[in-house]
Amino acid sequence: MRWRWFHQWGSPRWFYERAGRWQLVFGWVSLGLIAVGTIWGLGFAPVDYQQGNSYRIIYLHVPVAFLAQAMYAAMAVSALVLLVWKMKIADIAMQSIAVIGFTFTALALGSGAVWGKPTWGTYWVWDARLTSMLILAFLYLALIGLRASIRDPDQAGKVCGILVLVGVVNLPIIKYSVEWWNTLHQPASLKLTEKPTMPASMWIPLLVNILGYYIVAAYLVLGSMRAILVERERRSSWVKELVDRV
Amino acid sequence: MSIEKRIIARELWLAAARPGDIVKPIWFLLLVISMVPLALTPDSELLAEIGSAMIWIATLLALLLNSEHFFQSDFSDGVLEQWLFFDRPLAWLVGLKLTAHWLLHVLPLILISPVIALTLSVPGDVSIALFITMLVATPALTCFSGLGAALTLGSSRSGILGVLVMMPLFVPVVVLASGVLIRAMDGSETLPLLALLGAFSVASAVLVPIAVSLAIRVNIGGSN
Amino acid sequence: MSIEKRIIARELWLAAARPGDIVKPIWFLLLVISMVPLALTPDSELLAEIGSAMIWIATLLALLLNSEHFFQSDFSDGVLEQWLFFDRPLAWLVGLKLTAHWLLHVLPLILISPVIALTLSVPGDVSIALFITMLVATPALTCFSGLGAALTLGSSRSGILGVLVMMPLFVPVVVLASGVLIRAMDGSETLPLLALLGAFSVASAVLVPIAVSLAIRVNIGGSN
Amino acid sequence: MNLKPLKLKIARLSCERDYRLLFDSLAFTLDAGSILRVAGKNGAGKTTLLRTIAGLYEIQEGEVLVGDQPVSEAMHRILYIGHRPQVTGDLSVLDNLKHLAGHDDTFLKCALESVGMLGYHDSLVKELSQGQGRRCALARLWCSDAPIWILDEPYTALDVSMIKILDNKIRSHVASGGICLFTTHQLPTLSEFQTLELGCVD
Amino acid sequence: MNLKPLKLKIARLSCERDYRLLFDSLAFTLDAGSILRVAGKNGAGKTTLLRTIAGLYEIQEGEVLVGDQPVSEAMHRILYIGHRPQVTGDLSVLDNLKHLAGHDDTFLKCALESVGMLGYHDSLVKELSQGQGRRCALARLWCSDAPIWILDEPYTALDVSMIKILDNKIRSHVASGGICLFTTHQLPTLSEFQTLELGCVD
Ligand code: HEM
Ligand SMILES: Nc1ncnc2c1ncn2[C@@H]1O[C@H](COP(=O)(O)OP(=O)(O)OP(=O)(O)O)[C@@H](O)[C@H]1O
Ligand SMILES: Nc1ncnc2c1ncn2[C@@H]1O[C@H](COP(=O)(O)OP(=O)(O)OP(=O)(O)O)[C@@H](O)[C@H]1O
Ligand SMILES: [Mg+2]
Ligand SMILES: [Mg+2]
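Protein chains in written order, with the working numbering: chain A, 61 to 306; chain B, 11 to 234; chain C, 11 to 234; chain D, 4 to 205; chain E, 4 to 205.
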């Protein structure tokens, strides 16, 4: 069976153009939302009575932390589509999401570490959630490394798909086991799980930001998919046409 | 001979032809463990405290490093692709190979661990717990490292890349196992955790060979 | 291009072709280090105490594992035997290769160690001592593991065997280096030990390539 | 022995590598008793074609039918010997054969005798010369009951006497109802075979 | 180019493997401009002889003199291409040549053109077909100024056109004062060469 681009409908070119339009929309919407959320959060939300102004990093930290995990789920869906329906576009999605997902994970770790210094007095502790986030970063890295080590893109896609799916089974187990491990012998001195009871003027901008980051993720994924698509199809006629037009 | 017997027999012949493969991980374990007091501290109380965890980490590494070339040489001399022509599902053959590997290469490592625990003055009941934990946890680890090796067959000089790819997946096993050890040191109940570990091992022994066979097919050149 | 340039250039091309070879040891180090709190304890005080030694052992392992195939692939595809036809002493070429290897594969590992020390809450001055120790000690270790790899070229699936053959030779280096670390934690004078380590490294950089070239000749088939 | 007659049918088979079409809409049927030589210059795609037919490479487009089954379900009816040694250097000649062919010792020793390697059954494969290693891999032809043989450059490294032995074996295989596909750059000394010339696509 | 004329002298050369005498008190001298084909059946010891002469195997008994020097001190005057690929799969064709032969790009591209591999200089060797890989290894013949060529089964996996190219190259090498030793099981299409038949010892 030949690997298809799409199930029945469309072609790489169709995707390229359609995705281009959506990308434009997503770009502007997310820009608006993030601008509103961030300016509101940084400039107008009230100061936290415990943490002072340092809490404001939440407007970056929480959205990226959410996305770091959501991206893996999206990647798993792509992997399933790739291996079951053999749609090449799913492979491209997987490749894009792996890099962007890793970026978000790294941002979450980085912003968390920066936040940890004023609140906990240290950049890093081996807390359950932090550790499972670190493992997630490793998993993304493993995927990127695995893909980079195989020259043939089709082969690399399938192999990465297998790893992603195995990872899906394992991620909840990792999360559960790490949480359990930590609660066993570490006094619950630092807990991220309890939501700070925030006033609405704090969490509404947060919500706006979260939405904005989700859309910006979609924007980034579409953009990187288009770039990979053109690069993989560089010798096909439609890409040559496209290049000629520019 | 049935195909099953031929697969198992070959593992035995290979083990006889390359005795180093069996001795290497044990040797590695011994050396890493003897580095610990050298590089860290000869203080026997601290050693007893961290001893079982150290043995566990070192065993993990020894096991992983030994399985890094799990399929590599068979792949590059073309024997692995001949398995596709056997009248059996590849996943089944892979399962056999993994089992043989565990028996020949991992079991000796487990059997030696109580002796090593002794040298680090780990208390007796903890070292028994360590022994049982290894017995229950290593099948899952073996399966995962086999998967890592299969996934990276196509990459140039895969080497330890496979192991590294799979390491994030080892985390649950490592965490559960260290839970058992900590409880054993406290003297509290370890059975539920061991049962969990066992379930994990059984599940991976059933499912992972399928993923491995897929990965091998893809790396040989597709056909699925 | 002179033969020297060709040897060095090839190492660069290979590093570019197999970026995994550079990333792998770093990745290994990160994972081993993150296994320690998982398997042992997340207690940051205990971690700070054993942290620098852990990093040191893990770096050692990462370095060794990376050099296990030092000559293997060149040997089996026949490029290494072509070096005998070059108009230069083999020991000189081997020395160049070892140097390039240290720069490309070991140095990154050293550069990253202070960051890792941070995650294990190792105090700042100890982590500086760790950094310097590594800088001074790794040339000797690289030479020795190259020798191990060369000695075992002829044996089947040499793999990590070479490393294990050489491990006993590492002991002096490990002992000296851990001496530096312990003194750094106490706050006492580390310079004499570092000087000793440095002398050891220089001596092995001069002498070991000769031994390596002999071993390679023997394993290619004699002609001494 | 006589084999159950079997057809090998290739339909619309295409393969592209790096945007270069190696073969396009290839179609032919091989009946029991036929020999096909795949010819073409270096890089024409002979190995690729043989491995695709053997089921080792994914079929990009088209079909390969062994009897009525797609090849992926009928690989056990194929004997494939390719460029790679297909034997393990660290094992003895006999153990290698036992693993791949799985008969008893006396039978295998007969097979080794046929390829002139009887005295070597206990030697490790890696201690053999190039040609002796190939002979040992080819000994599998004497142990197999697969009707379809796919041989990629089987004559490589063989001396004149072994080439004759191999030719005879192929002849007797197709005489008893088998099919043989092979490649070679040397002019084969076999007499009756069809030739498929690759490399005329672009 | 014209090479400084050089003699290759083999005296009393013997080799034993596993208590089997492969060759015994072999002695011959090759003058500048001569071609020697080493023949013999599989396992006769051709590869062993060539590698011994090239200085890769330790000399068990006897002497190999390149000019007046023992071979161990004159290995840089020898170009040896053996069974193994002699190239690195992970590097591009051009980088491989650069490392082994060390000329500049334009020169090497000429060499690649001679072996019909010009379009492939950027491909990784492991992505080439068997014959293309061999061609890439043989391209070194076009870059070398070593007077003595030792080629172990150079024709393996080559197609007819490349065999012709190789023959011409060998011919022009000896015409300019070189020496060439080679083995092959195919009847070589070269015209003037001496033959040394191995395998008559026991
Ligand atoms: C490197 C360090 C850190 C990492 C890796 C990290 C990771 C995460 C993750 C993964 C989430 C999302 C949780 C979810 O999906 O429900 C999250 C949420 C959050 N984090 Fe962090 N965090 C770090 C440091 C911190 C610090 C220092 C603070 C503040 C004291 C903090 C406060 C929060 C809060 C308030 C939330 C939102 C609450 C929730 O939704 O559960 N984090 N963090
Ligand atoms: N590494 C080795 N260890 C032991 N014996 C060996 C080794 N390599 C070769 N031999 C033996 O030496 C003999 C000669 O081998 P050699 O490779 O020289 O033969 P050859 O003439 O090149 O044969 P071919 O035509 O098959 O290439 C063979 O009988 C072989 O078994
Ligand atoms: N792994 C690979 N990745 C990319 N391209 C490849 C790969 N293997 C082969 N090719 C390309 O496919 C083409 C056909 O290769 P193939 O091995 O089928 O040729 P062949 O006809 O068997 O040649 P030869 O006579 O040299 O054995 C070649 O041009 C080669 O460059
Ligand atoms: Mg071929
Ligand atoms: Mg030979």
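Yeah, the Cβ is synthetic: ideal placement off N, Cα and C, and Gly gets one too.
Because the structure is a prediction, the values reported are computed rather than measured.
| Query | Result |
| --- | --- |
| Whole-angstrom C-beta distance between residue 25 of chain E and residue 13 of chain E, which should lie under 8 Å | Wrong, their Cβ atoms sit about 14 Å apart, outside the cutoff. |
| Run of the beta strand (DSSP E) containing residue 183 of chain D, from where it starts to where it stops | 182-186 |
| Any C-beta of chain C under 8 Å from that of residue 180 of chain A | no |
| CB of residue 103 of chain E within 8 Å of CB of residue 92 of chain C, strictly | yes |
| Cβ neighbours of residue 46 of chain C in the same chain (closer than 6 Å, five flanking residues each side left out) | 64 |
| Segments of 4+ residues assigned as alpha helix (DSSP H) that fall wholly inside the segment 62-146 of chain C | 82-86, 89-93, 100-111, 117-129 |
| Inter-residue Cα distance where the pair is residue 248 of chain A and residue 181 of chain A | Interpretation of residue 248 of chain A is limited by its pLDDT of 39, a score under 50 that renders its predicted location unreliable; the figure taken from the coordinates is listed afterwards. Computed Cα separation, rounded: 16 Å. |
| Residue 142 of chain C to residue 219 of chain C span [Cα, whole Å] | 24 Å |
| Endpoints, the beta strand (DSSP E) within which residue 66 of chain E is located | 64-69 |
| CB contact check: residue 219 of chain A to chain C, cutoff 8 Å | no |
| Proximal residues, the segment 12-45 of chain C versus chain E, C-beta separation under 9 Å | 12, 13, 15, 16, 17, 19, 20, 23, 24, 27, 28 |
| Residues that residue 276 of chain A contacts on chain C, provided the C-beta gap is smaller than 8 Å | Near residue 276 of chain A there are no residues of chain C at all, since even the closest Cβ is about 28 Å away, more than 8 Å. |
| Residue 30 of chain E (DSSP reduced to helix, strand or coil) | strand |
| Option nearest residue 235 of chain A by Cα separation, candidates A:226, A:193, A:123 | A:193 |
| Stretch pair the segment 33-44 of chain E + the segment 177-192 of chain E: three plus CB contacts closer than 8 Å | yes |
| Strand pairing of residue 12 of chain E, partner residues [DSSP] | E:32, E:68 |
| Per-residue contacts from residue 184 of chain A into chain B (C-beta, under 7 Å) | The contacting residues do not exist; residue 184 of chain A stays about 17 Å from chain B at best. |
| Contact list for residue 136 of chain C against chain B, beta-carbon separation under 7 Å | In chain order: nothing, as chain B lies at least about 13 Å away. |
| Contacting residues, own chain, Cβ-Cβ under 6 Å from residue 196 of chain E (five flanking each side not counted) | 38, 40 |
| Closer than 7 Å: residue 45 of chain E CB and nearest ligand 2 heavy atom | yes |
| Residue burial classification, residue 84 of chain B (beta-carbon count within 10 angstroms, cutoff 16) | buried |
| Completely contained alpha helix (DSSP H) runs for the segment 18-62 of chain C, where each covers 4 or more residues | 30-49 |
| Under 9 Å (Cβ pairs) to chain D, residues found in the segment 76-99 of chain B | 83, 84, 86, 87, 88, 89, 91, 92, 94, 95, 96, 97, 98 |
| Backbone secondary structure at residue 144 of chain A - three-state DSSP | helix |
| Alpha carbon of residue 2 of chain E to alpha carbon of residue 129 of chain E, nearest angstrom | The displayed coordinates of chain E run from 4 to 205. Any statement about residue 2 of chain E would go beyond what the structure contains. |
| beta-carbon residue 86 of chain E near ligand 5 non-hydrogen atom, thresh 7 Å | yes |
| Any non-hydrogen atom of ligand 5 within 7 Å of residue 49 of chain E CB | yes |
| Inside the segment 56-144 of chain D only - alpha helix (DSSP H) runs reaching at least 4 residues | 96-104, 108-117, 133-141 |
| Contacts that residue 185 of chain B makes with chain A (C-beta to C-beta distance below 7 Å) | 237, 238, 241 |
| Residue nearest to residue 18 of chain D in terms of C-alpha spacing, selected from D:180, D:132, D:56, D:7 | D:56 |
| C-beta neighbour in chain E for residue 44 of chain D, strict 8 Å | yes |
| Check: residue 155 of chain D C-beta below 7 Å from any heavy atom of ligand 4 | yes |
| Separation of residue 180 of chain C from residue 213 of chain C, as counted between CA atoms | 14 Å |
| Top-ranked residue by Cα proximity to residue 31 of chain E, from E:15, E:60, E:152 | E:15 |
| Three-state class that DSSP yields for residue 152 of chain E in the structure shown | strand |
| Cβ shell of residue 117 of chain E (< 6 Å), same chain only, five flanking positions each side left out | 145 |
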